[in-house]
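Colleague: Residue numbers (this note's numbering): 402 to 807.
Cβ atoms here follow ideal geometry from the backbone N, Cα and C, with glycine treated the same way.
This structure is a prediction, so every number in the text was calculated from the model and none was measured.
Below you'll find the structure I mean.
This is the structure we're talking about:
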(Lines of atoms letter the chains of each structure in order from A; the text may use other names.)
(Lines give C-alpha, C1' and ligand atoms only; values in the text may rest on other atoms or scores of the structure.)
Protein backbone atom coordinates (compact mmCIF):
# COMPACT_ATOMS: atom_id res chain seq x y z
CA UNK A 402 0.00 0.00 0.00
CA UNK A 403 1.14 3.52 -0.77
CA UNK A 404 1.83 6.32 1.67
CA UNK A 405 -1.54 7.91 0.89
CA UNK A 406 -3.38 4.70 1.79
CA UNK A 407 -1.51 4.38 5.08
CA UNK A 408 -2.30 8.00 5.89
CA UNK A 409 -6.01 7.44 5.25
CA UNK A 410 -6.03 4.27 7.38
CA UNK A 411 -4.23 6.04 10.22
CA UNK A 412 -6.73 8.88 10.03
CA UNK A 413 -9.66 6.44 10.14
CA UNK A 414 -8.18 4.64 13.14
CA UNK A 415 -7.67 7.95 14.91
CA UNK A 416 -11.25 9.00 14.18
CA UNK A 417 -12.65 5.67 15.40
CA UNK A 418 -10.53 5.83 18.54
CA UNK A 419 -11.70 9.36 19.20
CA UNK A 420 -15.33 8.38 18.63
CA UNK A 421 -15.00 5.48 21.06
CA UNK A 422 -13.19 7.48 23.72
CA UNK A 423 -15.26 10.65 23.55
CA UNK A 424 -18.71 9.26 22.80
CA UNK A 425 -19.22 5.50 22.65
CA UNK A 426 -17.40 4.58 25.86
CA UNK A 427 -19.20 7.22 27.97
CA UNK A 428 -22.48 5.96 26.47
CA UNK A 429 -21.64 2.36 27.40
CA UNK A 430 -20.78 3.48 30.92
CA UNK A 431 -24.16 5.20 31.13
CA UNK A 432 -25.70 1.92 29.99
CA UNK A 433 -24.06 0.22 32.96
CA UNK A 434 -20.64 -0.90 31.70
CA UNK A 435 -18.45 -1.50 34.75
CA UNK A 436 -21.11 -0.30 37.18
CA UNK A 437 -20.96 -1.87 40.63
CA UNK A 438 -24.45 -2.58 41.95
CA UNK A 439 -24.95 -1.40 45.51
CA UNK A 440 -27.46 -3.17 47.75
CA UNK A 441 -29.52 -0.25 49.01
CA UNK A 442 -33.02 -0.05 50.51
CA UNK A 443 -33.75 -3.67 49.59
CA UNK A 444 -34.22 -5.03 53.10
CA UNK A 445 -37.55 -5.92 54.75
CA UNK A 446 -39.25 -6.02 51.35
CA UNK A 447 -42.05 -8.30 50.23
CA UNK A 448 -42.84 -9.74 46.80
CA UNK A 449 -46.21 -10.36 45.17
CA UNK A 450 -45.60 -13.02 42.48
CA UNK A 451 -49.28 -13.09 41.50
CA UNK A 452 -48.59 -9.84 39.64
CA UNK A 453 -46.15 -10.25 36.76
CA UNK A 454 -44.96 -8.10 33.85
CA UNK A 455 -46.65 -4.91 35.08
CA UNK A 456 -44.95 -2.09 33.17
CA UNK A 457 -46.71 0.80 34.88
CA UNK A 458 -47.86 1.41 38.45
CA UNK A 459 -50.15 4.22 39.65
CA UNK A 460 -50.99 5.00 43.27
CA UNK A 461 -54.49 6.07 44.29
CA UNK A 462 -53.18 8.12 47.18
CA UNK A 463 -56.34 8.47 49.33
CA UNK A 464 -56.91 4.70 49.54
CA UNK A 465 -53.32 3.49 49.15
CA UNK A 466 -54.42 1.11 46.38
CA UNK A 467 -51.91 0.45 43.59
CA UNK A 468 -53.20 0.11 40.01
CA UNK A 469 -51.03 -1.96 37.67
CA UNK A 470 -50.96 -2.43 33.87
CA UNK A 471 -49.95 -6.09 33.51
CA UNK A 472 -49.22 -8.77 30.94
CA UNK A 473 -47.19 -12.00 31.01
CA UNK A 474 -43.39 -12.21 30.78
CA UNK A 475 -43.62 -14.52 27.75
CA UNK A 476 -45.87 -12.09 25.89
CA UNK A 477 -43.47 -9.21 26.54
CA UNK A 478 -40.66 -11.23 24.92
CA UNK A 479 -42.59 -11.37 21.65
CA UNK A 480 -44.62 -8.15 21.62
CA UNK A 481 -43.10 -4.98 23.04
CA UNK A 482 -43.13 -2.35 20.28
CA UNK A 483 -41.11 0.15 22.34
CA UNK A 484 -38.04 -2.09 22.05
CA UNK A 485 -38.77 -3.41 18.56
CA UNK A 486 -40.34 -6.73 19.54
CA UNK A 487 -43.07 -7.17 16.92
CA UNK A 488 -44.02 -10.85 16.80
CA UNK A 489 -47.79 -10.90 17.36
CA UNK A 490 -47.87 -14.70 17.25
CA UNK A 491 -46.40 -14.82 20.74
CA UNK A 492 -48.40 -11.96 22.23
CA UNK A 493 -51.30 -12.49 24.59
CA UNK A 494 -53.44 -9.44 23.68
CA UNK A 495 -55.22 -10.34 26.88
CA UNK A 496 -53.40 -7.93 29.18
CA UNK A 497 -55.19 -6.55 32.19
CA UNK A 498 -55.38 -3.89 34.87
CA UNK A 499 -55.06 -5.13 38.44
CA UNK A 500 -55.14 -3.56 41.87
CA UNK A 501 -53.08 -4.33 44.94
CA UNK A 502 -54.23 -3.33 48.43
CA UNK A 503 -51.25 -3.30 50.78
CA UNK A 504 -53.45 -3.32 53.90
CA UNK A 505 -55.15 -6.59 52.95
CA UNK A 506 -52.53 -7.97 50.52
CA UNK A 507 -55.43 -8.48 48.11
CA UNK A 508 -54.79 -8.72 44.37
CA UNK A 509 -57.76 -8.02 42.10
CA UNK A 510 -57.84 -8.40 38.33
CA UNK A 511 -60.38 -5.89 37.05
CA UNK A 512 -63.04 -7.18 34.68
CA UNK A 513 -63.76 -5.34 31.44
CA UNK A 514 -67.25 -4.10 30.65
CA UNK A 515 -68.39 -2.81 27.23
CA UNK A 516 -64.96 -3.47 25.70
CA UNK A 517 -66.02 -5.25 22.53
CA UNK A 518 -62.88 -4.93 20.41
CA UNK A 519 -61.63 -8.23 19.01
CA UNK A 520 -58.11 -6.82 19.03
CA UNK A 521 -57.75 -7.09 22.79
CA UNK A 522 -55.36 -5.28 25.09
CA UNK A 523 -51.57 -5.09 24.95
CA UNK A 524 -50.76 -2.65 27.73
CA UNK A 525 -47.88 -0.27 28.28
CA UNK A 526 -48.34 3.15 29.92
CA UNK A 527 -51.27 3.99 32.19
CA UNK A 528 -52.72 6.74 34.32
CA UNK A 529 -55.51 6.63 36.91
CA UNK A 530 -57.11 9.97 37.74
CA UNK A 531 -59.98 10.90 40.09
CA UNK A 532 -62.94 12.49 38.32
CA UNK A 533 -63.34 16.24 38.78
CA UNK A 534 -67.04 15.68 39.54
CA UNK A 535 -66.73 12.70 41.91
CA UNK A 536 -63.44 11.75 43.63
CA UNK A 537 -64.68 8.16 44.08
CA UNK A 538 -64.94 7.81 40.31
CA UNK A 539 -61.68 7.13 38.47
CA UNK A 540 -60.68 7.63 34.86
CA UNK A 541 -58.21 5.03 33.60
CA UNK A 542 -56.11 5.91 30.56
CA UNK A 543 -54.25 3.04 28.85
CA UNK A 544 -51.72 2.76 26.04
CA UNK A 545 -52.82 -0.20 23.92
CA UNK A 546 -50.35 -1.61 21.38
CA UNK A 547 -52.70 -3.40 19.01
CA UNK A 548 -51.67 -5.75 16.23
CA UNK A 549 -52.20 -4.00 12.87
CA UNK A 550 -55.02 -5.20 10.67
CA UNK A 551 -53.96 -7.18 7.58
CA UNK A 552 -50.46 -5.70 7.64
CA UNK A 553 -47.09 -7.19 8.59
CA UNK A 554 -46.25 -5.66 11.95
CA UNK A 555 -42.51 -6.01 11.33
CA UNK A 556 -42.90 -3.56 8.44
CA UNK A 557 -45.37 -1.02 9.79
CA UNK A 558 -45.17 -1.64 13.54
CA UNK A 559 -47.99 -1.67 16.07
CA UNK A 560 -51.33 0.02 15.50
CA UNK A 561 -51.32 1.73 18.88
CA UNK A 562 -54.27 3.53 20.42
CA UNK A 563 -55.37 5.05 23.71
CA UNK A 564 -58.19 3.39 25.65
CA UNK A 565 -60.25 5.31 28.18
CA UNK A 566 -62.02 3.36 30.91
CA UNK A 567 -63.95 4.36 34.01
CA UNK A 568 -64.18 2.66 37.40
CA UNK A 569 -64.97 3.38 41.03
CA UNK A 570 -62.57 3.15 43.96
CA UNK A 571 -62.69 -0.45 45.17
CA UNK A 572 -64.66 -1.68 42.15
CA UNK A 573 -63.74 -4.87 40.29
CA UNK A 574 -65.01 -3.54 36.95
CA UNK A 575 -63.51 -1.32 34.25
CA UNK A 576 -66.13 0.23 31.97
CA UNK A 577 -64.83 1.05 28.52
CA UNK A 578 -65.63 4.59 27.37
CA UNK A 579 -63.75 5.19 24.14
CA UNK A 580 -60.84 4.20 21.89
CA UNK A 581 -58.78 7.09 20.51
CA UNK A 582 -56.86 6.63 17.25
CA UNK A 583 -54.83 9.36 15.61
CA UNK A 584 -51.63 9.66 13.52
CA UNK A 585 -50.07 11.68 16.37
CA UNK A 586 -50.44 8.56 18.55
CA UNK A 587 -47.47 7.07 16.74
CA UNK A 588 -45.22 5.26 19.23
CA UNK A 589 -46.96 5.95 22.55
CA UNK A 590 -45.15 4.94 25.70
CA UNK A 591 -46.62 6.60 28.78
CA UNK A 592 -49.63 8.80 29.47
CA UNK A 593 -51.04 11.35 31.93
CA UNK A 594 -54.76 12.00 31.92
CA UNK A 595 -57.11 14.59 33.37
CA UNK A 596 -60.13 14.28 35.60
CA UNK A 597 -62.52 15.29 32.82
CA UNK A 598 -62.16 11.85 31.25
CA UNK A 599 -61.56 13.39 27.84
CA UNK A 600 -58.05 14.86 27.63
CA UNK A 601 -54.53 13.56 28.08
CA UNK A 602 -50.85 13.94 27.23
CA UNK A 603 -48.63 11.04 26.13
CA UNK A 604 -45.04 10.44 25.11
CA UNK A 605 -43.96 9.03 21.75
CA UNK A 606 -40.76 7.07 22.44
CA UNK A 607 -39.49 7.09 18.84
CA UNK A 608 -40.01 9.15 15.72
CA UNK A 609 -40.86 6.09 13.63
CA UNK A 610 -42.47 2.73 14.37
CA UNK A 611 -39.88 0.57 12.60
CA UNK A 612 -36.59 0.83 10.76
CA UNK A 613 -32.93 1.39 11.50
CA UNK A 614 -33.52 5.11 11.96
CA UNK A 615 -34.91 4.29 15.40
CA UNK A 616 -31.42 3.26 16.51
CA UNK A 617 -30.16 6.81 15.98
CA UNK A 618 -31.90 7.74 19.23
CA UNK A 619 -29.14 5.85 21.05
CA UNK A 620 -26.71 8.43 19.71
CA UNK A 621 -28.69 11.54 20.56
CA UNK A 622 -31.11 11.83 17.64
CA UNK A 623 -33.96 13.99 18.96
CA UNK A 624 -36.95 12.30 17.31
CA UNK A 625 -39.36 11.86 20.21
CA UNK A 626 -42.32 13.98 21.23
CA UNK A 627 -45.25 14.59 23.54
CA UNK A 628 -48.77 14.55 22.12
CA UNK A 629 -52.03 15.99 23.43
CA UNK A 630 -55.55 14.79 22.71
CA UNK A 631 -58.95 16.22 23.57
CA UNK A 632 -62.08 14.27 22.70
CA UNK A 633 -64.02 16.13 20.04
CA UNK A 634 -60.99 18.21 19.08
CA UNK A 635 -58.49 15.59 17.94
CA UNK A 636 -54.79 15.25 18.77
CA UNK A 637 -51.73 17.38 18.15
CA UNK A 638 -48.07 17.53 19.06
CA UNK A 639 -47.54 19.45 22.29
CA UNK A 640 -43.75 19.48 21.83
CA UNK A 641 -41.38 17.82 19.37
CA UNK A 642 -37.62 17.45 18.94
CA UNK A 643 -37.05 15.82 22.31
CA UNK A 644 -34.63 12.98 22.93
CA UNK A 645 -35.44 9.47 24.19
CA UNK A 646 -38.78 10.27 25.80
CA UNK A 647 -40.17 7.58 28.08
CA UNK A 648 -42.21 8.13 31.26
CA UNK A 649 -44.28 11.25 31.87
CA UNK A 650 -45.74 12.62 35.10
CA UNK A 651 -47.75 15.68 36.04
CA UNK A 652 -47.69 17.80 39.19
CA UNK A 653 -50.75 19.59 40.52
CA UNK A 654 -49.52 22.94 39.16
CA UNK A 655 -49.48 21.60 35.57
CA UNK A 656 -45.73 21.09 35.56
CA UNK A 657 -44.81 18.00 33.54
CA UNK A 658 -41.80 15.74 33.90
CA UNK A 659 -40.52 13.61 31.01
CA UNK A 660 -37.78 11.01 31.50
CA UNK A 661 -34.88 10.37 29.14
CA UNK A 662 -34.32 6.61 28.92
CA UNK A 663 -30.97 6.77 27.09
CA UNK A 664 -28.85 9.54 28.60
CA UNK A 665 -30.85 9.89 31.81
CA UNK A 666 -32.20 13.06 33.37
CA UNK A 667 -35.62 14.68 33.16
CA UNK A 668 -37.10 17.47 31.05
CA UNK A 669 -39.38 19.83 32.97
CA UNK A 670 -42.18 21.36 30.94
CA UNK A 671 -44.91 23.93 31.53
CA UNK A 672 -48.37 23.85 29.95
CA UNK A 673 -49.33 26.77 27.74
CA UNK A 674 -52.74 28.27 27.05
CA UNK A 675 -53.05 26.37 23.77
CA UNK A 676 -52.16 23.05 25.49
CA UNK A 677 -48.68 22.92 24.00
CA UNK A 678 -45.74 22.32 26.32
CA UNK A 679 -42.54 24.35 26.72
CA UNK A 680 -39.34 22.97 28.23
CA UNK A 681 -38.41 25.30 31.08
CA UNK A 682 -35.70 23.33 32.87
CA UNK A 683 -33.87 20.00 32.95
CA UNK A 684 -32.50 17.66 35.56
CA UNK A 685 -29.28 16.99 33.73
CA UNK A 686 -27.79 13.55 33.46
CA UNK A 687 -24.47 13.33 35.27
CA UNK A 688 -24.91 16.71 36.93
CA UNK A 689 -22.67 15.55 39.79
CA UNK A 690 -19.65 15.16 37.51
CA UNK A 691 -17.92 18.39 38.59
CA UNK A 692 -18.46 17.93 42.32
CA UNK A 693 -15.12 16.27 42.85
CA UNK A 694 -13.43 19.35 41.40
CA UNK A 695 -15.33 21.57 43.84
CA UNK A 696 -14.73 19.21 46.79
CA UNK A 697 -18.45 19.15 47.60
CA UNK A 698 -19.79 16.13 49.52
CA UNK A 699 -22.37 14.16 47.57
CA UNK A 700 -24.48 11.06 48.28
CA UNK A 701 -24.18 9.41 44.86
CA UNK A 702 -23.76 9.96 41.14
CA UNK A 703 -27.13 8.55 40.19
CA UNK A 704 -28.17 10.75 37.28
CA UNK A 705 -25.66 8.59 35.44
CA UNK A 706 -28.20 6.16 33.95
CA UNK A 707 -31.33 6.10 31.85
CA UNK A 708 -34.65 6.85 33.50
CA UNK A 709 -37.84 4.95 32.73
CA UNK A 710 -41.21 5.82 34.29
CA UNK A 711 -41.54 8.79 36.63
CA UNK A 712 -44.11 9.86 39.24
CA UNK A 713 -44.74 12.76 41.62
CA UNK A 714 -45.55 11.82 45.20
CA UNK A 715 -47.84 13.65 47.65
CA UNK A 716 -44.92 15.78 48.87
CA UNK A 717 -44.16 16.98 45.34
CA UNK A 718 -41.00 14.87 45.05
CA UNK A 719 -40.28 13.23 41.70
CA UNK A 720 -39.36 9.54 41.60
CA UNK A 721 -37.87 7.60 38.69
CA UNK A 722 -37.05 4.00 37.86
CA UNK A 723 -33.35 3.89 37.06
CA UNK A 724 -31.87 1.55 34.45
CA UNK A 725 -28.84 0.34 36.40
CA UNK A 726 -27.70 -2.07 33.67
CA UNK A 727 -29.53 -1.04 30.51
CA UNK A 728 -27.68 -3.49 28.26
CA UNK A 729 -28.57 -6.40 30.55
CA UNK A 730 -32.17 -5.23 30.59
CA UNK A 731 -32.49 -4.82 26.81
CA UNK A 732 -30.43 -7.71 25.47
CA UNK A 733 -30.85 -10.35 28.19
CA UNK A 734 -33.83 -9.77 30.50
CA UNK A 735 -36.26 -8.68 27.79
CA UNK A 736 -35.30 -11.75 25.76
CA UNK A 737 -35.44 -14.09 28.74
CA UNK A 738 -37.19 -12.57 31.79
CA UNK A 739 -35.78 -15.31 34.05
CA UNK A 740 -32.38 -13.61 33.70
CA UNK A 741 -32.16 -11.04 36.52
CA UNK A 742 -31.56 -7.39 35.64
CA UNK A 743 -30.32 -4.92 38.29
CA UNK A 744 -32.71 -2.12 39.20
CA UNK A 745 -32.74 1.19 41.04
CA UNK A 746 -35.12 3.87 42.29
CA UNK A 747 -34.15 7.54 42.23
CA UNK A 748 -35.55 10.51 44.12
CA UNK A 749 -35.34 13.97 42.52
CA UNK A 750 -35.91 17.04 44.68
CA UNK A 751 -34.92 20.69 45.00
CA UNK A 752 -31.35 20.92 46.22
CA UNK A 753 -31.01 22.77 49.53
CA UNK A 754 -27.47 21.56 50.22
CA UNK A 755 -24.05 23.19 49.65
CA UNK A 756 -24.03 22.32 45.96
CA UNK A 757 -26.99 24.63 45.38
CA UNK A 758 -24.58 27.58 45.74
CA UNK A 759 -22.75 26.28 42.68
CA UNK A 760 -25.84 26.22 40.52
CA UNK A 761 -26.89 22.63 41.14
CA UNK A 762 -30.62 23.20 41.40
CA UNK A 763 -31.77 19.60 41.72
CA UNK A 764 -30.65 16.80 43.97
CA UNK A 765 -30.80 13.23 42.68
CA UNK A 766 -30.57 10.51 45.33
CA UNK A 767 -30.43 6.79 44.77
CA UNK A 768 -32.68 5.33 47.46
CA UNK A 769 -33.00 1.75 46.19
CA UNK A 770 -30.78 -0.59 44.24
CA UNK A 771 -30.81 -4.33 43.83
CA UNK A 772 -28.86 -6.79 41.71
CA UNK A 773 -32.06 -8.29 40.32
CA UNK A 774 -32.43 -11.12 42.78
CA UNK A 775 -35.30 -9.24 44.47
CA UNK A 776 -36.35 -6.52 42.02
CA UNK A 777 -35.53 -7.48 38.44
CA UNK A 778 -36.01 -5.33 35.35
CA UNK A 779 -37.82 -2.50 37.15
CA UNK A 780 -39.42 0.09 34.85
CA UNK A 781 -41.87 1.74 37.26
CA UNK A 782 -41.47 3.07 40.79
CA UNK A 783 -44.22 4.50 43.00
CA UNK A 784 -43.65 6.17 46.36
CA UNK A 785 -46.47 6.40 48.87
CA UNK A 786 -45.30 9.36 50.96
CA UNK A 787 -48.13 9.06 53.47
CA UNK A 788 -47.58 5.37 54.25
CA UNK A 789 -43.82 5.36 53.66
CA UNK A 790 -43.81 2.57 51.12
CA UNK A 791 -41.98 2.07 47.85
CA UNK A 792 -43.49 -0.10 45.10
CA UNK A 793 -41.48 -1.42 42.16
CA UNK A 794 -42.36 -3.43 39.07
CA UNK A 795 -41.28 -3.82 35.47
CA UNK A 796 -42.20 -4.64 31.91
CA UNK A 797 -41.24 -8.32 32.23
CA UNK A 798 -40.60 -8.53 35.98
CA UNK A 799 -41.59 -11.66 37.91
CA UNK A 800 -43.28 -9.89 40.83
CA UNK A 801 -44.41 -6.66 42.42
CA UNK A 802 -41.93 -5.59 45.13
CA UNK A 803 -42.95 -3.53 48.17
CA UNK A 804 -40.35 -1.97 50.45
CA UNK A 805 -40.38 0.45 53.38
CA UNK A 806 -39.12 3.94 52.57
CA UNK A 807 -37.50 6.55 54.78
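Mind pulling the beta strand (DSSP E) runs of 3 or more residues that sit fully within the stretch 585–618?
Modeller: 589–594 and 600–605
Colleague: Quick one: is residue 625 buried, meaning 16 or more other Cβ sit within 10 Å of its Cβ, or exposed?
Modeller: buried
Colleague: Flag this pair as yes or no: are the beta carbons of residue 484 and residue 529 separated by less than 8 Å?
Modeller: Cβ atoms of residue 484 and residue 529: not closer than 8 Å.
Colleague: Would you mind listing the beta strand (DSSP E) stretches within the stretch 509–574 that are 3+ residues and don't spill past its ends, in chain order?
Modeller: 512–514, 524–531, 538–547 and 560–569
Colleague: Going by Cα to Cα distance, which pick from 556, 479, 539 and 737 is closest to residue 523?
Modeller: 479
Colleague: Indicate whether residue 708 and residue 674 have their beta-carbon atoms separated by less than 8 Å.
Modeller: Their beta carbons are not under 8 Å apart, which means residue 708 does not touch residue 674 by this criterion.
Colleague: Grouping DSSP H, G and I as helix and E and B as strand, with all else coil, what is residue 781?
Modeller: strand
Colleague: When the Cα atoms are used, what is the spatial distance from residue 500 to residue 602?
Modeller: Using only the alpha carbons, I get a separation of about 23 Å.
Colleague: Comparing C-alpha positions only, which one of 404, 445, 432 and 553 sits nearest to residue 791?
Modeller: Closest option to residue 791, judged by alpha-carbon separation, among 404, 445, 432 and 553: 445.
Colleague: By Cβ distance, which residues of its chain are closer than 7 Å to residue 585, with the 5 residues on each side in sequence left out?
Modeller: Around residue 585: 628, 636, 637 and 638.
Colleague: Residue ranges of each beta strand (DSSP E) run of no fewer than 3 residues wholly in the stretch 471–506, ordered along the chain?
Modeller: 497–502
Colleague: Compute the Euclidean distance between the alpha carbons of residue 696 and residue 754, then round it to the nearest angstrom.
Modeller: Bear in mind that a pLDDT of 42 at residue 696, under 50, signals an unreliable position, so the model cannot answer this.
Colleague: Quick one, are the C-beta atoms of residue 487 and residue 554 less than 8 Å apart?
Modeller: yes
Colleague: Check whether the stretch 740–751 and the stretch 450–468 are in contact - that is, three or more C-beta pairs closer than 8 Å.
Modeller: Short answer: they don't touch.
Colleague: Look up residue 660 in the DSSP assignment and give the residues it is bridged to.
Modeller: According to DSSP, residue 660 bridges with 667.
Colleague: By the 10 Å Cβ neighbour count, where 16 or more other Cβ atoms means buried, how is residue 496 classified, buried or exposed?
Modeller: buried
Colleague: Output the distance between the C-alpha atoms of residue 604 and residue 784, rounded to the nearest integer angstrom.
Modeller: 22 Å
Colleague: Restricting to Cα atoms, I'd like to know which of 776, 560, 780 and 631 is closest to residue 660.
Modeller: 780
Colleague: Report the option in 442, 654 and 449 whose CA atom is closest to the CA atom of residue 502.
Modeller: 449
Colleague: According to DSSP, residue 720 sits in a beta bridge with which residue or residues?
Modeller: DSSP, once it has assigned bridges, lists 712 and 748 as partnering residue 720.
Colleague: How long is the line joining the alpha carbons of residue 658 and residue 408, rounded to whole angstroms?
Modeller: 49 Å
Colleague: In angstroms, rounded to a whole number, what distance separates the CA positions of residue 416 and residue 406?
Modeller: 15 Å
Colleague: Ignore the nearest five residues each way along the sequence and tell me which others in residue 809's own chain have a CB closer than 6 Å to its CB.
Modeller: Residue 809 cannot be examined here, being either before or after the span of the chain that is shown, 402 to 807.
Colleague: Tell whether a beta-carbon distance below 8 Å holds between residue 481 and residue 735.
Modeller: yes
Colleague: Grouping DSSP H, G and I as helix and E and B as strand, with all else coil, what is residue 792?
Modeller: strand
Colleague: Let me know the secondary structure DSSP gives residue 650 once reduced to three states.
Modeller: strand
Colleague: Considering only residues of the same chain and omitting the five flanking positions on each side of residue 714, which have a CB-CB separation below 7 Å?
Modeller: 720, 784 and 786
Colleague: Would you mind reading off the limits of the beta strand (DSSP E) that contains residue 441?
Modeller: Unbroken run through residue 441: none, as it is neither H nor E.
Colleague: Helix, strand or coil for residue 734 per DSSP?
Modeller: helix
Colleague: Please list the terminal residues of the continuous beta strand (DSSP E) segment that includes residue 457.
Modeller: In the DSSP assignment, residue 457 falls within the beta strand (DSSP E) that extends over 455–461.
Colleague: Can you list, in chain order, the residues of its chain whose CB lies under 7 Å from that of residue 642, leaving out five sequence neighbours each side?
Modeller: Contacts found: 623.
Colleague: Only counting the same chain, and skipping five residues up and downstream in sequence, which positions put a Cβ closer than 7 Å to that of residue 578?
Modeller: 565, 566, 567 and 598
Colleague: Taking 6 Å as the limit between beta carbons, can you name the residues of its chain near residue 740, skipping five residues before and five after?
Modeller: 733 and 734
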